[in-house]
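Have a look at the structure below, then the notes.
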Amino acid sequence: MAKFLLLKHYRGAPAPINNVSMDRWTPAEISAHVQYMNDFAARLEGTGEFVDGQALAPEGTWVRYDGEGRPPVTDGPFAETKDLIAGWMVIDVDSHDRAIELAGELSAAPGAGGAPIHEWLEVRPFLAEPPTITD
Amino acid sequence: MDEVLLRALTPSVISVLGHRGVDFAAAEDAVQDALVEAIRTWPADPPRDPKGWLVTVAWRRFLDATRADVARRRREEVVDNEGTGTVSAVDDTLALYFLCAHPSLTPSSAVALTLRAVGGLTTRQIASAYLVPEATMAQRISRAKRTVSGVRFDRPGDVATVLRVLYLVFNEGYSGDLDLAAEAIRLTRQLAATIDHPEVTGLLALMLLHHARRAARTAPDGSLVPLAEQDRGRWDTELIAEGVEMLQAALVRDRLGEFQAQAAIAALHADAPTAEQTDWVQIVEWYDELARVTDNPVVRLNRAVAVGEADGARAGLAALAELDASLPRYTAVAAYLHERDGDPETAARLYADAALHAPNLAERDHLTRQAARLNTRRRC
Chain A
1 MAKFLLLKHY
11 RGAPAPINNV
21 SMDRWTPAEI
31 SAHVQYMNDF
41 AARLEGTGEF
51 VDGQALAPEG
61 TWVRYDGEGR
71 PPVTDGPFAE
81 TKDLIAGWMV
91 IDVDSHDRAI
101 ELAGELSAAP
111 GAGGAPIHEW
121 LEVRPFLAEP
131 PTITD
Chain B
1001 MDEVLLRALT
1011 PSVISVLGHR
1021 GVDFAAAEDA
1031 VQDALVEAIR
1041 TWPADPPRDP
1051 KGWLVTVAWR
1061 RFLDATRADV
1071 ARRRREEVVD
1081 NEGTGTVSAV
1091 DDTLALYFLC
1101 AHPSLTPSSA
1111 VALTLRAVGG
1121 LTTRQIASAY
1131 LVPEATMAQR
1141 ISRAKRTVSG
1151 VRFDRPGDVA
1161 TVLRVLYLVF
1171 NEGYSGDLDL
1181 AAEAIRLTRQ
1191 LAATIDHPEV
1201 TGLLALMLLH
1211 HARRAARTAP
1221 DGSLVPLAEQ
1231 DRGRWDTELI
1241 AEGVEMLQAA
1251 LVRDRLGEFQ
1261 AQAAIAALHA
1271 DAPTAEQTDW
1281 VQIVEWYDEL
1291 ARVTDNPVVR
1301 LNRAVAVGEA
1311 DGARAGLAAL
1321 AELDASLPRY
1331 TAVAAYLHER
1341 DGDPETAARL
1351 YADAALHAPN
1361 LAERDHLTRQ
1371 AARLNTRRRC
């Protein structure tokens, strides 16, 4: 009963094995990839472990406060930003081992040529509520 | 509407359907439907006989779900022959606890199933308490029911598995509209009423003693207040008295287990009018007892803290040095003991390091604040 974030990067992760960018895949390969992700989420819902899954557009805008009564300052997008989040899946599982196991499966999503991408996913535990009994 | 009454009736309504020959999974589904219906209609139209109402509605739901006429007729014969029953409702409830905590279930499934079938909570309430979508929780519960579908409903199991589940529910604390700690106490009270076992009493005492401190445990801004700094005037003395009395009744039976030992430690804290007056020597002795009945390394970590209080920070650090440094909260304990030993520089560094590895937000903030406090003081 712990939540983990499985984080997918556009940029910033080590290179996957099947390293062909998505715009070079065939439409059928893209469909197969999307289907794999949907099936994975559906299966986790079936096992009672799915919490959330979202994809993000690569473009973002940086925003900061610029003082009382002034509109916020905006800037970007910054092409040079090292790390770029592509999306995530949140799971609620019994152990860290189970989170690793599921991330491994998700990383096997098919890419170019229908072969697994072997994409690097980042697994991050949530900071949850403190336990009641501590002494 | 008395939602607690509704929840309390749940196990007995499931067992009525069980005696009519309905299998556990179908009975539990039908009763869940009746509960959802009750929550909807009782506020405006409360029944005179709540249990009778639930049985009628659940039975109708079950019949609707099983359309086969033959099966229905066969079951109606069973109803006609239903007497007062040879198996008591108490035994049925107990069997339900064992089934829902069956060792073939993962901890999260056992917790979810227990809260629904024994606790009478709706899937939506459980999902919101554990911050997962309702569909996910519904699947977790139906998988759990499939897992135990081959288990005989009437065989007693190991009470330790049930206690482990109730402990998990209690320790999850409070993370939504539903008060899981209070629910765990209710379920443990109900269990204690159906089975005579010193560890059940021990767990209930442990829960009451910790629940008693609840109001003092968090500051108005939500930050953690450590035991030593809690306003003891805000501890619930009635709960403490009840917990201590229960613990004493369990201990005289001379069958010590981990929950009684943990409750004894909580009782010694509860008994101290101020943090300074805590009987740390006795607490160390109870940690030794606890270490004898469980091989949990966290116990030895907590023992090192107690040794630090009883025999001085040096002794605490020596006890700590014997433990695996990769234990959760090891660094936080080391920071605390180094501060007590008069080394704020090391303590500040360790607090900051511990904050990086804290398992939850409240602890991380607390540890960061400790590091900041020491660093600020050193600059002055």
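Residue numbers (the working numbering), protein chains in the order written: chain A, 1 to 135; chain B, 1001 to 1380. All residues carry an ideal CB built from backbone N, CA and C; glycine is no exception.
Within the same chain, and ignoring the five residues on either side of residue 1224 of chain B in sequence, the residues whose Cβ sits closer than 6 angstroms to its Cβ are 1362, 1366. Annotation for residue 1264 of chain B: 1286 place their beta carbon closer than 6 angstroms to its own, counting only its chain and skipping 5 residues before and after. Any Cβ of chain A closer than 8 angstroms to the Cβ of residue 1128 of chain B would place that residue at the interface, and such an atom is absent. For the 8 angstroms CB-CB criterion, residue 41 of chain A and residue 89 of chain A form a contact. Bridge pairing for residue 53 of chain A: A:89 [DSSP]. Within its own chain, the residues whose Cβ lies closer than 7 angstroms to the Cβ of residue 75 of chain A, once the five positions on either side in sequence are excluded, are 62, listed in chain order.
Using a Cβ-Cβ cut-off of 8 angstroms, residue 1361 of chain B counts as an interface residue toward chain A, since at least one Cβ of chain A sits closer than that to its own. Beta-bridge analysis with DSSP links residue 2 of chain A to A:93. Excluding five sequence positions before and after residue 94 of chain A, the CB atoms of its chain that fall closer than 8 angstroms to its own CB belong to 1, 2, given in chain order.
DSSP places residue 1220 of chain B outside both helix and strand once states are collapsed to three, so it counts as coil.
Between residue 104 of chain A and the set A:11, A:16, A:32, A:73, the nearest pair of CA atoms involves A:16. Taking C-beta atoms under 8 angstroms as the contact rule, residue 1118 of chain B and residue 1096 of chain B qualify, at a distance of about 5 angstroms. If you draw a 10 Å sphere on the C-beta of residue 38 of chain A, you find fewer than 16 other C-beta atoms in it, and that means exposed. Distance from the Cα of residue 1317 of chain B is smallest, within the candidate group B:1230, B:1129, B:1328, B:1343, for B:1343.
At a Cβ-Cβ threshold of 8 angstroms, residue 1203 of chain B and residue 1259 of chain B count as neighbours. DSSP places residue 1296 of chain B outside both helix and strand once states are collapsed to three, so it counts as coil. Residue 1108 of chain B has a beta carbon lying within less than 8 angstroms of a beta carbon in chain A.
Against chain B, the beta carbon of residue 133 of chain A has neighbours under 9 angstroms at 1167, 1170, 1171, 1206, 1207, 1210, 1262, 1266, listed in chain order. Closer than 7 angstroms at the C-beta level to chain A, one finds these residues of the stretch 1178-1199 of chain B: 1181. Contact of residue 108 of chain A with chain B by beta-carbon distance below 7 angstroms is absent, the smallest such distance being about 22 angstroms. Under the 8 angstroms Cβ criterion, the stretch 44-59 of chain A does not count as touching the stretch 1007-1017 of chain B, having fewer than three qualifying pairs.
C-alpha of residue 1161 of chain B to C-alpha of residue 125 of chain A: approximately 27 angstroms in a straight line.
By the rule that beta-carbons nearer than 8 angstroms mark a contact, residue 50 of chain A touches chain B. In the DSSP annotation of this structure, the continuous segment of the beta strand (DSSP E) that includes residue 74 of chain A starts and ends at 73-75. At the C-beta level, residue 1324 of chain B and residue 1297 of chain B come within 8 angstroms of one another. For residue 125 of chain A, the pairing in a beta bridge is given by DSSP as A:4. For residue 1179 of chain B, the three-state secondary structure derived from DSSP is strand.
Contact between residue 1334 of chain B and residue 1371 of chain B is ruled out by a C-beta separation of about 13 angstroms, above the 8 angstroms threshold.
The stretch 1163-1171 of chain B and the stretch 1137-1149 of chain B do not touch, with fewer than 3 CB-CB distances between them shorter than 8 angstroms. Residue environment: residue 1302 of chain B is assigned as buried (16 or more neighbouring CB atoms within 10 Å of its CB, all protein chains considered). Contacts between residue 1227 of chain B and chain A, judged by CB atoms closer than 7 angstroms, involve 135 in chain order.
Residue 1178 of chain B has its alpha-carbon roughly 11 angstroms from the corresponding atom of residue 1115 of chain B. At the C-beta level, residue 111 of chain A and residue 18 of chain A come within 8 angstroms of one another. Proximity of residue 1273 of chain B to chain A, defined by a Cβ-Cβ separation below 8 angstroms, is not satisfied.
By the beta-carbon neighbour count (other beta carbons within 10 angstroms, threshold 16), residue 1104 of chain B is exposed. In this structure, the CA atom of residue 1196 of chain B is about 15 angstroms from the CA atom of residue 1248 of chain B.
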